[in-house]
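Colleague:
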Amino acid sequence: MEVIYVDHAATSPLHPDVLEKMLPYYQTLFGNPSSIHQVGRQARQALDQARSRLASLFAVSEQTLVFTSGGTEADNMAIIGYALENENKGKHIITSQIEHHAVLHACEELEKRGFEVTYLPVDETGRVRLNDVQKSLRNDTILVTLMFGNNEVGTIQPIKEIGELIENHQAVFHTDAVQACGGINLKLDELKIDMLSVSAHKINGPKGIGLLYIRNGVKVKPVLFGGEQEKKRRAGTENVAAIVGFAKALELALESMTKRQELYQQFAQILTDTWLKEKVEFMINGHQHERLPHVLNVSFPGVNIESLLMNLDLAGICASSGSACTAGSIEPSHVLVAMFGQATERIQSAVRFSFGLGNTIEEIEHVASQTAQIVKRLGQQKEFIS
Ligand SMILES: Cc1ncc(COP(=O)(O)O)c(C=O)c1O
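Per full-length UniProt numbering, the sequence shown starts with residue 1, numbered consecutively.
(1) Can you tell me whether DSSP reads residue 117 as helix, strand or coil?
(2) Residue 194 lies in the beta strand (DSSP E); which residues open and close that run?
(3) Using the rule of at least 16 other Cβ atoms within 10 Å of the residue's Cβ for burial, across every protein chain shown, is residue 22 buried or exposed?
(4) So, helix, strand or coil for residue 68, using DSSP?
(5) Taking the C-alpha atoms as reference points, what is the distance between residue 75 and residue 69?
(6) Since residue 96 sits in a beta bridge, which residues does DSSP pair it with?
(7) Is the Cβ-Cβ distance between residue 135 and residue 167 less than 8 Å?
(8) Hey, is residue 257 close to ligand 1, as in C-beta under 7 Å from one of its heavy atoms?
(9) Residue 125 bridges to which residues according to DSSP?
(10) Expressed to the nearest angstrom, what Euclidean distance is found between the alpha-carbon atoms of residue 113 and residue 171?
(11) Taking contact to mean 3 or more Cβ pairs, one atom from each stretch, closer than 8 Å, check whether the stretch 252 to 260 and the stretch 83 to 103 are in contact.
(12) Between 116, 144, 297, which has its C-alpha nearest residue 350's C-alpha?
(13) Taking 8 Å as the CB-CB cut-off, is residue 19 touching chain D?
(14) Where does residue 280 sit, in a helix, a strand or coil, going by DSSP?
(15) Can you tell me where the beta strand (DSSP E) holding residue 246 begins and where it ends?
(16) Does residue 129 pass the burial test, meaning 16 or more other C-beta atoms within 10 Å, or should it be called exposed?
(17) Along the chain, where does the beta strand (DSSP E) containing residue 150 start, and where does it finish?
(18) Does the stretch 234 to 247 come into contact with the stretch 178 to 188, if we say contact requires no fewer than three beta-carbon pairs (one atom in each stretch) closer than 8 Å?
(19) When burial is assigned at 16 or more other CB atoms within 10 Å of the CB, is residue 25 buried or exposed?
(20) Just to confirm, is the Cβ distance from residue 105 to residue 145 under 8 Å?
(21) Helix or strand or just coil, what does DSSP make of residue 340?
(22) How should residue 39 be labelled, buried or exposed, when 16 other C-beta atoms within 10 angstroms of its C-beta is the threshold for buried?
(23) With residue 280 and residue 375 assumed to form a contact (beta carbons below 8 Å), what rounded beta-carbon distance in angstroms separates them?
(24) Hey, would you say residue 220 sits closer than 8 Å to residue 71, going by beta carbons?
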């Protein structure tokens with residue numbers, strides 16, 4: 001049976017051109033960039049070139065980029081590293097209830113270490129209110145960390161406005177752009193962002209590599225100790241092959257961004273048109289316009305999400321109930337709870353389809369009709385039992 005993968009927000013396949021770029025750095029050009037001999041120097045050159053390429057794609061300077069093992073480490077470095085380095089300025093942090101666990105759990109760790117964290121609520125579209133951000137800023141607030149685009153429902157936060165609001169406050173602004181990067185134009189030069197996290201495996205790059213952008217002048221304590229790599233900000237031998245692949249992946253993602261945005265919009269339209277035609281009851285979760293194009297989160301009232309996902313899987317369709325980290329547990333999604341509250345069927349019946357490399361119109365038509373059939377079957381079962 002053909003497998004249709006519509007879970008690209010969880011992770012994405014490596015682009016063949018990325019793999020091709022990476023392979024020599026596992027084979028002949030395998031050196032350690034810190035070695036002074038020629039094999040090391042070749043690796044150093046590749047590392048420098050990839051950093052320079054990434055910096056120009058983000059329109060920032062090279063020394064602002066610190067390579068990490070992925071989005072989780074970038075978030076931890078931004079939050080824990082910044083808080084520990086700057087606790088003399090205050091111990092208050094602002095975040096939201098819908099962040100990825102890489103942010104939420106880093107904030108919880110800081111609470112255990114004596115910091116105070118405000119978890120902002122969101123509206124039903126998944127957006128924080130600017131007024132709430134403004135009201136929660138205090139004299140001792142040192143960091144505001146709010147995600148760019150949500151991994152479960154795709155809602156994009158008003159990042160530009162939040163940056164402007166914080167600009168004249170001592171607090172710095174970190175954003176987790178792991179899902180947004182490569183999907184929408186981040187315009188780093190136009191946004192008042194101090195730190196930004198990105199991960200390669202969401203954009204058809206390799207797993208285990210990410211970066212933290214740290215604006216010049218922002219001081220962050222390292223979270224790893226050892227060698228002097230990354231200008232003493234992140235110890236450990238650099239993952240040269242992955243960094244080279246990361247640069248290629250971002251280049252390809254930006255080149256194809258507009259085309260992909262249009263295609264994913266078409267995919268979402270196919271799904272919703274089919275369900276309307278098939279008279280399937282559904283509700284879309286997330287903001288109607290301010291959304292990441294590759295994510296479509298839908299509730300099918302009356303349908304048990306685990307049964308739906310299991311049946312989709314049996315039909316060869318890989319979708320998800322939300323973030324991969326919470327999938328497999330029956331805990332309701334913290335994102336949907338923040339948007340709609342606990343007591344709603346909407347959060348028990350939500351499925352996330354996320355599009356990416358390799359998905360075709362034919363595939364999505366198949367996903368649409370299979371989902372309609374399964375939802376009807378499961379809905380009918382429910383009526384029959386009750
Ligand atoms: C919004 C967001 N932040 C952070 C992460 C963690 O990134 P990584 O898997 O590279 O550690 C993810 C991954 O699902 C994510 O979606």
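Here a beta-carbon is modelled for each residue, glycine too, at the ideal position from N, C-alpha and C.
Bear in mind the structure is a predicted one, so any value in this text is a computation, not a measurement.
Modeller: Judging by the given coordinates:
(1) strand
(2) Neither: residue 194 is in no beta strand (DSSP E) and is coded neither H nor E.
(3) By the neighbour-count rule (16 or more Cβ atoms within 10 Å), residue 22 is buried.
(4) strand
(5) 11 Å
(6) 120
(7) no
(8) no
(9) None, per the DSSP bridge assignment.
(10) Looking at the backbone, the Cα of residue 113 and that of residue 171 are separated by about 19 Å.
(11) no
(12) Nearest option by C-alpha distance: 297.
(13) The structure shown contains no chain D; it holds only a single protein chain.
(14) coil
(15) Looking at the DSSP string, residue 246 is not in any beta strand (DSSP E); the run it does join, the alpha helix (DSSP H), is 240 to 255.
(16) exposed
(17) First-last for residue 150: undefined, no H or E at that position.
(18) no
(19) buried
(20) no
(21) helix
(22) exposed
(23) Sure, about 5 Å apart at Cβ, within 8 Å.
(24) no
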